[in-house]
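See below for the structure under consideration.
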Amino acid sequence: MLKLKGITKDYAVGDETVHALKGIDLEFRKSEFVAVLGHSGCGKTTLLNIIGGLD
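Numbering (the working numbering), first residue to last: 1 to 55.
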């Protein structure tokens with residue numbers, strides 16, 4: 001099982017702060033198949049990088 005609570009990711013672009021993820025809560029059960037869907041730029045890859053420990 002994997003549980004994520006309050007995941008937030010911000011990064012700077014020039015003088016501005018971009019909020020890539022804000023307060024994400026997820027829970028995956030053992031042996032559960034999960035798909036992450038969304039439009040371009042919504043934070044899918046950012047979330048998966050955090051889950052995978054790459055970010």
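The beta carbon of each residue, even a glycine, is placed where N, CA and C say it ideally should be.
Asked: Inter-residue spacing [alpha-carbon to alpha-carbon] between L26 and G14; Found: 31 Å
Asked: Length-filtered (4 minimum) alpha helix (DSSP H) runs lying within the stretch 25–53; Found: 44–51
Asked: DSSP bridge partner residues for K9 (one or two, in chain order); Found: L21
Asked: C-alpha distance - Y11 paired with T46, whole-angstrom precision; Found: 11 Å
Asked: Presumed contact (8 Å Cβ cut-off) between M1 and F28, rounded CB distance; Found: 7 Å
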